[in-house]
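Protein chains in written order, with full-length UniProt numbering: chain A, 1 to 654; chain B, 1 to 151. Each residue gets a CB set at the ideal place from its N, CA and C atoms; glycine is no exception. Data first, discussion second: the structure below is written as structure tokens.
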């Protein structure tokens, strides 16, 4: 019964979304607040209906109702509760439902929080969001119904892939989808701005918090995914330039560009067209990602073989919505204002440079992901685009951006003072150079690129701090004044500093880990020893353990350094009984920000076990950096200037 | 979600960077290091976007053996890569070649930079009149200034 109620609620949500589009559009056309208000009501109702459907699916997973096809295919009664709950979004159908939940949720949020938006703009935004809802709900209802029943339910489900049964991955999709779909709000706002023919400071001020929230969620989602890959896939890598990763990285890059260009549009009225373009592009990349991941175009050697109908449908949705948005842009953008002038050395120019380099970086990822496909379709020649390509293109582009980054926030609007910026950054430059030289002197083996990378990371961190020093007049004014200024800094400024600082932390970790990681592997008998870097490992014992839905061999490994005990690690090799898959559960030993990473292999003839060990220096920084960046986004969101629904008046009072 | 992981699991592959398996290793550490470097740029043809350094698939093992044998025989990286592309096509290399067919792939990102820089330069050089006040605006400013002076 519950599943049927859910399926019905999903249909209802589709109908309500259609109503939402009609009412809001009519409200705008007739300038009727009543009709527009009714449209907002429909948006709210559509969200509630999808929430009911989502709850119904989750219920089916929690109670293991195998008469629901999706549950039978993706769950198992012995699976722990967390993974039964997470199973709701673990499959194609369920994840589309999560997508729809987020989409209607954001529609309801605009309806509920948009009181300060001009009426016309609000109505068109709600209508556009409704249109997106219609398209994706129709797809879910007709092409990928998550609540479809089976005529003859099996006694037991086929279970979720054990690699995906992991806490980080259980919460990874909700964050990722909140980010992906959060960008739909920005898309709808852009369409509304084009329809209304107005892009002004108020509009940009509305775009920024949504873009910021979506970007922060994406940051968290991507980082969780990378962390999962790091400790679950068992070879210590955290980013593979895999098409699926790229699909989530492109919207992130575009959203980052949008965040910066929207500042120029808000403060100086310039780049209005470009900001709208990015707002449209960000969600288009989200949809492209949804298409790439689901169609099987890129994950299968046999293109379009996984599920051709769904792939084609999603491609049509992508083409229609993005096409509509960009056609509207081509038609209306020329009427948008140009905004103020600025000199070559100015905050505006710096932000434009940021956007050019981020756009080029996005182009790299896009080309690297799609080019093999295009080339094969056109010439029949298959090529591979792997990590080396991205190292040669993406890395230099981003490095150029990072070198310029600390100067940006120190430049004045309209006309900046290059010499003044140099004066404020020379300490940061010294710190960066010293860090690079110290790396050369202290770390062996000596690697010039690694040292340069460390210098770059230090440059970013010191640069972000230099900006705070500048703003608070630290070391120049009396301490009391510095303190007063420090406390008075707007949250937005802290957010920016944290985000840039986090980027520096990430660069340090990424460079250090990739340059100086040490690998060792040996087939060890029980009692055998292995050295990795400065540490010695001893395989004390291997014994069987049982989990809720797996059997495992657990190794007990003692780590020592110069004979002194460091830690005991217990990596496992698991056999999931339901599907018969084996996975390795990595053992991690934290040493400051560095990790000793241990993997237990299968038992070999003669009773030995293949033990692989990595010394991953500064690896924690790779994940801490993005976490700091996301925190920066959240801190920024609490800035009173960006807080949703705060009118001009309160701001003036403040 | 992560389809590569799914595929890996479907193939029953316990994801272990098998390249480090001591049973496969070359006795000379310098040669072994060279082989590992080459592995990172060679695709495991049956896997999804995985190098033979990471993959545990049988084909990857075979490819590793071939590469190690050739390294041992003293062949250079270029020679080994040519041998592989002759046999399996360009698909086997994770780095696409700098050829005419890949012009857009390698040039595209830098084209974006050039186009962006050109647009920025145009924007900076065009002295649009919006810096100047129109006659009506100038009049209004004069008016306001007068009002200010004589309250």
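is_contact[residue i, chain A] using C-beta, thresh 8 angstroms
| i | result |
| --- | --- |
| residue 54 of chain B | yes |
| residue 28 of chain B | no |
| residue 21 of chain B | yes |
| residue 91 of chain B | yes |
| residue 95 of chain B | yes |
| residue 105 of chain B | yes |
| residue 76 of chain B | no |
| residue 117 of chain B | yes |
| residue 84 of chain B | no |
| residue 120 of chain B | yes |
| residue 124 of chain B | yes |
| residue 113 of chain B | yes |
| residue 43 of chain B | yes |
Cutoff 8 angstroms: residue i Cβ touching any chain B Cβ
| i | result |
| --- | --- |
| residue 444 of chain A | no |
| residue 386 of chain A | yes |
| residue 243 of chain A | yes |
| residue 88 of chain A | no |
| residue 344 of chain A | yes |
| residue 404 of chain A | no |
| residue 519 of chain A | yes |
| residue 479 of chain A | no |
| residue 522 of chain A | yes |
| residue 360 of chain A | yes |
| residue 371 of chain A | yes |
| residue 655 of chain A | Shown here, chain A extends from 1 to 654; a query on residue 655 of chain A therefore has no answer. |
Three-state class that DSSP yields for residue i in the structure shown
| i | result |
| --- | --- |
| residue 663 of chain A | No answer is possible for residue 663 of chain A: it lies beyond the span of chain A, which begins at 1 and ends at 654. |
| residue 467 of chain A | helix |
| residue 582 of chain A | strand |
| residue 675 of chain A | Chain A is shown only over 1 to 654; residue 675 of chain A falls outside these bounds and no answer can be derived. |
| residue 31 of chain A | coil |
| residue 21 of chain A | helix |
| residue 292 of chain A | helix |
| residue 447 of chain A | coil |
| residue 302 of chain A | Here the model assigns residue 302 of chain A a pLDDT of 33, short of 50, so the residue's position is not dependable, and the following value carries that caveat. Residue 302 of chain A: coil per DSSP, three-state reduction. |
| residue 631 of chain A | helix |
| residue 604 of chain A | coil |
| residue 565 of chain A | strand |
| residue 63 of chain A | coil |
| residue 489 of chain A | coil |
N- and C-terminal bounds of the beta strand (DSSP E) containing residue i
| i | result |
| --- | --- |
| residue 616 of chain A | 609-616 |
| residue 555 of chain A | 550-561 |
| residue 415 of chain A | From DSSP, residue 415 of chain A is part of no beta strand (DSSP E); its letter is neither H nor E. |
| residue 530 of chain A | 529-532 |
The alpha helix (DSSP H) enclosing residue i, as first and last residue numbers
| i | result |
| --- | --- |
| residue 420 of chain A | 418-442 |
| residue 395 of chain A | 387-404 |
| residue 117 of chain A | No alpha helix (DSSP H) holds residue 117 of chain A; DSSP gives it neither H nor E. |
| residue 50 of chain B | Run containing residue 50 of chain B: none; DSSP gives neither H nor E here. |
| residue 66 of chain B | 58-72 |
| residue 713 of chain A | Limits of chain A in this structure are 1 at one end and 654 at the other, which puts residue 713 of chain A out of reach. |
| residue 120 of chain B | 103-125 |
| residue 246 of chain A | 243-268 |
For residue i, the residue or residues it bridges with in DSSP
| i | result |
| --- | --- |
| residue 589 of chain A | A:596 |
| residue 544 of chain A | A:553 |
| residue 222 of chain A | Partner(s): none; residue 222 of chain A has no beta bridge. |
| residue 537 of chain A | A:530, A:559 |
| residue 149 of chain A | A:68 |
| residue 310 of chain A | Note: residue 310 of chain A sits in no beta bridge, so no partner. |
| residue 43 of chain B | B:51 |
| residue 367 of chain A | BP columns for residue 367 of chain A are empty, so no partner. |
Residue i burial status per 10 Å Cβ neighbour count (16 or more: buried)
| i | result |
| --- | --- |
| residue 562 of chain A | exposed |
| residue 167 of chain A | exposed |
| residue 449 of chain A | exposed |
| residue 36 of chain A | buried |
| residue 87 of chain B | exposed |
| residue 335 of chain A | exposed |
| residue 378 of chain A | exposed |
| residue 426 of chain A | exposed |
| residue 4 of chain A | exposed |
| residue 364 of chain A | buried |
| residue 40 of chain A | buried |
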